[in-house]
Amino acid sequence: MTSPSPLVSRVGRFLVLHEESFVGVSISSNVYVLGDEGSYYLFDASGHPDLLSYLESAGIHGSLIAGAFLTHGHYDHVRGLESLRDYSVPVYLSNRDRRLMEETIRGYPSCTDLSDASGVLSRLGLVSILTPGHTPGSACFYSPGEALLISGDTVFSDGYFGRTDLPGGSDSDMLESLECLSRMKVEVLLAGHGPVVHEQGSRHISKALSCARGMLRR
Ligand SMILES: [Zn+2]
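Be aware that the sequence shown starts at 199, since it is given in this note's numbering, and climbs by one per residue.
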């Protein structure tokens, strides 16, 4: 494969590898990268089996990746872990989505439940919030200091929210999760798909909640 040229932008502390970067796959998530004292943490791992080539094109070597946090276990967010196996990058994911992840990535060497990741996250100024609905183990990552939310496939820009009709999805859980997120102060919204929201993220979440209230059954 020739060296890929990922579409990269920066939002505060985060580098964004936009989903359009990943060529030759039917669907991929965005990937957010947080640098921390010379090492890097990934938030979602794309749907491209050779994520590592994209990261290296963006100047991030595999040996410097200290962990990968997953918002949920769908293949378009986890498939890139295949290329990180050799580096045994620790993966953090809700146990409730572990089986889903293993449908795509079998026998990954190191996978920790999010409930045991609060130490690592707090050092990065983040907390995880379980937001089931799209999948049973969907989670968001929140930075109170930056009012920044990494929202996976729970909520997107412009009032869109994640589908609930795939296995393990739940309308009532999605409504509760969106209610929970709508009570938080969010400026920057970094969703699993689509564009980055740089300000007034809470407005996008409120819009998603009101759309969901009209469409989903409790
Ligand atoms: Zn998904």
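Backbone N, C-alpha and C fix where the C-beta goes; we use that ideal spot for every residue, glycine too.
query = What does the shell around ligand 1 hold, if a residue joins when its beta-carbon is under 6 Å from any heavy atom?
reply = H270, H272, H332 and D351
message = On the DSSP letters alone, give me the boundaries of the alpha helix (DSSP H) that V318 sits inside.
response = S316 to R321
task = Evaluate contact between the region 344 to 361 and the region 283 to 293, counting only Cβ atoms and requiring at least three cross-stretch pairs below 8 Å.
result = no
task = With DSSP as the reference, label G257 as helix, strand or coil.
result = coil
inquiry  = Do G278 and A243 count as a contact pair if the criterion is CB distance below 8 Å?
reply    = yes
query = Do V209 and L319 have their C-beta atoms closer together than 8 Å?
reply = no
inquiry  = For M299, tell me which candidate among H275, L364 and L322 has the shortest Cα-Cα distance.
reply    = H275
task = Taking S237 as part of the beta strand (DSSP E), name the residues at either end of that continuous run.
result = S237 to F241
inquiry  = Taking 8 Å as the threshold (C-beta atoms), are G245 and F212 in contact?
reply    = no
request  = Answer with buried or exposed for G366, where buried requires no fewer than 16 other C-beta atoms within 10 angstroms of its C-beta.
outcome  = buried
request  = Take V206 and list the residues in its own chain whose beta-carbon comes closer than 7 Å to its own, dropping the five residues that flank it on each side.
outcome  = L213, V214, L215 and A256
task = With 8 Å as the threshold, decide whether the Cβ of G360 is near any Cβ in chain C.
result = Of the protein chains in the structure, only one exists, and it is not chain C.
request  = Using the Cα positions of P330 and S201, report the straight-line distance between them to the nearest angstrom.
outcome  = 37 Å
Counterpart residues of Y430 in DSSP-defined beta bridges = Only positions 199 to 416 of the chain appear in this structure, which leaves residue 430 out of reach.
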